[in-house]
Amino acid sequence: RHKFWETQPVGQFKDIGDTSLPEGPIEPPTTLSEVKQEPYNLPNLYEWISCDIDSEEMCTEVYDLLTHNYVEDDETMFRFNYSKEFLRWALRPPGYYKSWHIGVRVRSSKKLVAFITGVPARIRVRDNVVTMAEINFLCVHKKLRSKRLAPVMIKEVTRRVHLENIWQAAYTAGVVLPTPISTCQYWHRTLNPKKLIDVGFSRLGARMTMSRTIKLYRLPDSTSTPGFRKMELHDVPAVARLLRNYLNQFEVAPDLDENDVEHWLLPTENVVDSYVVESPGSHKITDFSSFYSLPSSILGNQNYSILKAAYSFYNVATKTPLLQLMNDVLIVAKQKDYDVFNALDIMQNESFLKELKFGPGDGKLHYYLYNYRLRNALKPMELGLVLL
Ligand code: NHW
Ligand code: EN5
Numbered sequence: 169r170h171k172f173w174e175t176q177p178v179g180q181f182k183d184i185g186d187t188s189l190p191e192g193p194i195e196p197p198t199t200l201s202e203v204k205q206e207p208y209n210l211p212n213l214y215e216w217i218s219c220d221i222d223s224e225e226m227c228t229e230v231y232d233l234l235t236h237n238y239v240e241d242d243e244t245m246f247r248f249n250y251s252k253e254f255l256r257w258a259l260r261p262p263g264y265y266k267s268w269h270i271g272v273r274v275r276s277s278k279k280l281v282a283f284i285t286g287v288p289a290r291i292r293v294r295d296n297v298v299t300m301a302e303i304n305f306l307c308v309h310k311k312l313r314s315k316r317l318a319p320v321m322i323k324e325v326t327r328r329v330h331l332e333n334i335w336q337a338a339y340t341a342g343v344v345l346p347t348p349i350s351t352c353q354y355w356h357r358t359l360n361p362k363k364l365i366d367v368g369f370s371r372l373g374a375r376m377t378m379s380r381t382i383k384l385y386r387l388p389d390s391t392s393t394p395g396f397r398k399m400e401l402h403d404v405p406a407v408a409r410l411l412r413n414y415l416n417q418f419e420v421a422p423d424l425d426e427n428d429v430e431h432w433l434l435p436t437e438n439v440v441d442s443y444v445v446e447s448p449g450s451h452k453i454t455d456f457s458s459f460y461s462l463p464s465s466i467l468g469n470q471n472y473s474i475l476k477a478a479y480s481f482y483n484v485a486t487k488t489p490l491l492q493l494m495n496d497v498l499i500v501a502k503q504k505d506y507d508v509f510n511a512l513d514i515m516q517n518e519s520f521l522k523e524l525k526f527g528p529g530d531g532k533l534h535y536y537l538y539n540y541r542l543r544n545a546l547k548p549m550e551l552g553l554v555l556l
């Protein structure tokens with residue numbers, strides 16, 4: 169069934185429910201001199217490159233490949249359209265390795281035809297903090313599909329991760345592979361009903377008119393929580409404390425220090441947005457909420473070409489009710505002209521999804537670990553990790 173994945177140190181379907189298998193690494197590390205020193209072989213027409221994502225030209229090439237060949241929904245109506253600024257942010261966190269930004273070019277024309285990336289992260293799995301690679305942006309040009317290029321890309325990124333003495337990875341995918349540690353549901357909160365219906369992202373509900381739908385999803389003009397404001401650089405220590413403490417309750421979550429919080433959560437225009445609640449009296453930061461910006465291309469619509477989507481990132485509420493905090497974030501997302509606000513049913517998100525009029529989407533997201541076994545799958549609410 170899975171000729172490639174059956175050869176890899178990942179949980180195998182045949183082992184599901186086998187309680188005799190221990191939790192933790194599936195295979196032990198080797199010494200660095202035992203790691204293959206040369207890149208894997210590609211068909212001779214192609215060559216490996218490390219992408220310098222700082223370079224405007226290189227970043228444009230990657231952006232163009234992904235814009236035309238990356239993830240689509242099951243009916244090919246939408247395709248993710250990560251911006252260049254987003255790619256630079258996603259690929260250059262503290263301690264990143266340029267060698268983990270891997271491209272494949274056609275030798276003769278130099279055209280970029282495939283891509284895969286890793287970035288380093290400390291991920292806590294139950295009581296163990298493990299240095300891992302987060303793998304993302306695996307993409308093979310549409311014209312080169314089903315030629316078994318993806319397994320070579322995955323083996324090459326694995327080799328380059330091993331060369332840094334890192335032996336585990338985390339990744340998500342919309343497809344089922346051996347074997348998810350958790351399967352999550354996408355939920356969508358309509359902000360711009362007319363456009364979403366026009367482009368086929370959603371449908372007019374039964375017994376609903378357009379004007380009733382617009383009224384249903386209408387939001388207040390301004391936020392309601394006193395002290396709610398955009399996060400600033402001087403908030404980093406307080407936000408890091410809030411977040412570290414909050415993420416402790418989940419079975420799998422990132423272990424974030426202040427540098428990570430500055431990189432991942434300090435607002436960057438059209439990439440990531442974060443808000444805090446500063447208590448009017450004490451000036452203490454009590455609550456935090458964030459989302460990232462991931463538009464999709466709308467394929468084949470006369471009127472619109474881009475769907476503006478915000479994705480819930482990390483949220484912590486210690487004083488303000490989470491429901492009220494998230495309602496305020498929906499209000500700012502609406503003010504910023506997003507068409508839809510998306511969230512997964514992870515962390516404590518279930519506590520606000522239905523009440524804030526999110527509806528389940530037709531997409532699922534499966535979470536995976538490489539070379540780390542969990543005895544049982546986790547419930548989405550036990551997950552404290554968001555991958556971009
Ligand atoms: S998920 C998004 C993945 N990208 C897309 O969906 C973009 C559109 N699709 C494509 O570009 C986020 C191609 O269809 C791709 C497959 C490239 C997906 N993950 O070359 P072949 C990520 O980026 C397996 C893993 O013929 P193709 C996460 C498939 O099951 N494996 O197919 C990435 C089969 O293996 P099997 C996937 O359609 C995580 C084999 O690929 C997969 O031309 C990567 C077929 O290859 C997917 N999303 O290209 C793993 N989709 O065993 C990281 C298909 O079943 C692991 N496959 O025969 C950790 C590494 C680091 C370890 C460090 C210690
Ligand atoms: C790795 N970092 O399918 C990511 N999205 O539901 C890779 N559906 O947008 C993995 N099909 O349900 C990505 N509208 C896996 C996801 C791939 C993209 C994907 C789904 C998630 C999605 C939309 C559009 C469907 C278009 C037809 C959807 C319904 C919204 C409706 C609003 C009103 C209340 C009910 C729901």
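According to my numbering, the sequence shown holds residues 169 to 556 in order.
The beta carbon of each residue, even a glycine, is placed where N, CA and C say it ideally should be.
Quick caveat, the model's predicted, so the values are computed rather than measured.
Looking only at DSSP bridge pairs, what is residue i linked to?
i	result
residue 455	445 and 485
residue 283	271 and 307
residue 440	436 and 460
residue 175	Looking at the DSSP assignment, residue 175 forms no beta bridge with any residue, so it has no partner.
residue 551	420
residue 293	296 and 420
residue 288	301
residue 398	443
residue 382	In the DSSP output, where bridge partners are listed per residue, residue 382 has none listed.
residue 480	459
residue 450	The partner list for residue 450 (beta bridge, DSSP) is empty, contrary to what the question assumes.
Who are the near neighbours of residue i in its chain, counting only those whose CB is closer than 8 Å to its CB and skipping five residues on each side?
i	result
residue 525	357, 358, 384 and 385
residue 310	236 and 237
residue 532	342, 351, 352, 353 and 354
residue 372	365, 378 and 381
residue 519	490 and 491
residue 228	252
Which first and last residues belong to the alpha helix (DSSP H) in which residue i is found?
i	result
residue 426	426-433
residue 254	252-259
residue 423	No alpha helix (DSSP H) contains residue 423, which DSSP labels as neither H nor E.
residue 236	224-237
residue 405	404-415
residue 518	518-521
residue 495	490-503
Assuming contact is defined by CB atoms lying nearer than 7 Å, are residue i and residue j in contact in what I supplied?
i	j	result
residue 363	residue 507	yes
residue 315	residue 208	no
residue 429	residue 257	no
residue 453	residue 406	yes
residue 521	residue 340	no
residue 304	residue 465	no
residue 395	residue 445	yes
residue 325	residue 263	no
residue 553	residue 191	no
residue 477	residue 462	yes
residue 387	residue 487	no
residue 284	residue 537	no
residue 480	residue 459	yes
residue 291	residue 337	no
residue 368	residue 245	yes
residue 203	residue 410	no
residue 344	residue 312	no
residue 329	residue 423	no
If I measure Cβ to Cβ from residue i and keep anything under 6 Å in the same chain, skipping five residues before and after, which residues do I get?
i	result
residue 419	294, 546 and 550
residue 457	443, 483, 493 and 497
residue 217	271 and 273
residue 266	218
residue 450	none
residue 427	262
Residues in the same chain with beta-carbon distance under 7 Å from residue i, minus the five sequence neighbours each way, listed in chain order, please.
i	result
residue 195	177 and 539
residue 213	274 and 275
residue 318	306 and 308
residue 186	none
residue 346	170, 173, 178, 179, 180 and 181
residue 435	398, 399, 441 and 442
residue 242	530
residue 300	289, 291, 334, 336, 337 and 338
residue 183	189
Considering residue i, what are the terminal residues of the beta strand (DSSP E) in which it resides?
i	result
residue 561	In the structure as shown, the chain starts at 169 and stops at 556, and residue 561 therefore has no counterpart that could be examined.
residue 508	508-512
residue 530	526-538
residue 217	214-218
residue 247	246-248
Can you list, in chain order, the stretches of the beta strand (DSSP E) that have 3 or more residues and sit fully within the stretch 312-377?
336-341 and 350-358
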